[in-house]
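Residue numbers (the UniProt record's numbering): 9 to 390. First comes the structure, then the notes that go with it.
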Ligand code: FAD
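This is the structure in C-alpha cells:
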C-alpha cells in the first residue's frame, strides 16, 4: 500500500512534519534508523526561537515547551577589554529564546505523534530512496506519493538529491569546537561568549542541573585528549574567572568535536523527494539556528505537501522559494557571529589585522544601539 508521505528520520524536522501532516489528515509513516531510547537521549540544541515556539503552540505541540521551557533574553560578552551584557529580549523585535533541550522537544513530539495515531518505526534504516520507493535495510520497501528526507546532514535523502545533480553552496569556517555537556548548574544568568587569544569559549544554559560549554579547538582534535581537569582549567582561563568569578563545575557527561561548516542545497527537493532540516543544509552552530531552521522548514513543507497531494504541485516550488531567503539570512548572521567569536591565530600582520577587526566589531556591538537592535533581531529571528 502507498502512503501519502514517507518521512525519513525522527529528529525535530521529521517529527514536526509528521505531526503537522497528521493534523491535516495526511497519512504518513516515519522511518527512523535508531532505537527510541537513543533518539530521545541525544542532547544537541537547546535554544528555541520565538517562531519555533509559535509553530509548536499553534499546532498543539507546545505543552512541554510551555511547562518546562524557560525564557532567555540576555547574553554577555567577555574579552580582555572587560565584560558587557546585552538584554537582547528588550532590543530589536523584543523576542526571547526559550531554553528547552532538544532531546526533551523530541520526546514531546514523539509522544504527541503516537497519541495522534501516527506510525513511527524505530530501527528502520533507509538504504535507498528512488522516486517514491524507500528501501529499508532488512525489511520491506515502503512507498509514498512523496518522500520527505529529514534524515540529517549525512542521510540518504541528501545523497539521492545531489546524485540527481542538485548542487550545494558551502563554507568551511575553518574552526572546530569541543562541545561539552556538564552535570552542573549554569554559571551565569546569560549566554556567555568569551573572546580570548587562546580561542573562543561559550556557556549556554540547558537545565537547572546541566550546562553546555564550548571550547574552540584545532581541527582534528581528539576529545579523548581533553580530560575533565583540562576542560575546566581551559574554560576558567578563557572565561577569565580570575576577573569575573568562578564557574560552577560538575562531571562532564559528554564531549564531542564539532567542525564549523555550513552548506545549503540550491533547491531543497525535486520530483517526489523533498528535504527539511539538516538534510537540506547544515548551518554552523555559532548562532544556534539549526533546530529552528528545521522547525521552519518542516512547517512550510507540511503545507506544501498537503497542497501537492490535493493536486497542486506549485506549493512545492513555493516551499523552496519561500524558505531559501530565510535560510540565507540565518546563514549570513551565523557567519557574522563566527567572525565575531573567532579571531585568527598567530602573530603575523594578517592575524593582528583580523583580531583588531574582531574587537572593532565587538566594540560596535557594545556601544551602538542600532547595532544592538540589528543583533537582537537576527539572533532571535528566523
Ligand atoms: P537530526 O536531528 O539530525 O535528525 C535526523 C534523524 O534521521 C536522526 O534521528 C537520525 O538517526 C535519522 N536518520 C539518519 N539517517 C537515517 C537513515 N538512513 N534511515 C532512517 N533514519 C535516519 N540548533 C539550534 O537551533 N540551537 C542550538 O542551540 C544548537 N546547538 C547544537 C549543538 C550541537 C553540539 C550540535 C551538534 C547541533 C546543534 N544545533 C543547534 C543543531 C541542531 O541540533 C540540528 O540542526 C537539528 O538536530 C536538525 O534536526 P533534523 O531533524 O534536521 O536532523
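Note that CB positions come from ideal geometry on N, CA and C, so glycine has one too.
Problem - Residue range of the beta strand (DSSP E) that includes residue 282 - result: 281-283
Practice task
Using only the heavy atoms of the ligand MN, determine whether one of them is closer than 7 Å to the beta carbon of residue 286.
Solution key: Questions concerning the ligand MN fall outside what the structure shown contains, since the ligands it does hold are the ligand FAD.
Handout entry: Best match in 209, 176, 51 for proximity to residue 110 [C-alpha to C-alpha]
Key = 51
Handout entry: C-beta atoms of residue 268 and residue 235 nearer than 8 Å
Key = no
Exercise for the section: Find the nearest neighbour of residue 309 within the set 25, 20, 14, 373, judged by alpha-carbon distance. Expected result: 25
Practice task
Pick out whichever of 251, 250, 257 has its Cα sitting closest to the Cα of residue 239.
Solution key: 257
Problem - Nearest-angstrom Cα separation, counted from residue 244 out to residue 313 - result: 50 Å
Problem - Straight-line gap, residue 101 to residue 68 (C-alpha atoms, nearest Å) - result: 25 Å
Handout entry: Inside the region 235-291 only - beta strand (DSSP E) runs reaching at least 3 residues
Key = 259-273, 281-283
Exercise for the section: Confirm, please, whether the CB-CB distance from residue 13 to residue 29 is below 8 Å. Expected result: Contact check for residue 29 against residue 13 passes: the beta carbons are separated by less than 8 Å.
Problem - Three-state class that DSSP yields for residue 210 in the structure shown - result: Residue 210 falls in the strand class under three-state DSSP.
Practice task
Please classify residue 387: is it buried, with 16 or more other beta-carbons within 10 angstroms of its beta-carbon, or exposed?
Solution key: So residue 387 counts as buried.
Exercise for the section: Taking 8 Å as the cut-off, decide whether the C-beta atoms of residue 287 and residue 161 are in contact. Expected result: In contact: residue 287 and residue 161 (Cβ atoms closer than 8 Å).
Handout entry: Closest Cα partner of residue 369 within the set 228, 344, 45
Key = The residue with the shortest Cα to Cα distance from residue 369 is 344.
Practice task
Examine the ligand FAD and report whether any of its heavy atoms sits within less than 7 Å of the Cβ of residue 120.
Solution key: no
Problem - Burial state of residue 437, where buried means 16 or more other Cβ atoms lie within 10 Å - result: Missing from the structure shown is residue 437; the chain here goes from 9 to 390 and no further.
Practice task
Return the chain-ordered list of same chain residues with a C-beta closer than 8 Å to the C-beta of residue 263, the five sequence neighbours on each side being excluded.
Solution key: So the list reads 186, 187, 188, 189, 231, 234, 239, once near-sequence residues are dropped.
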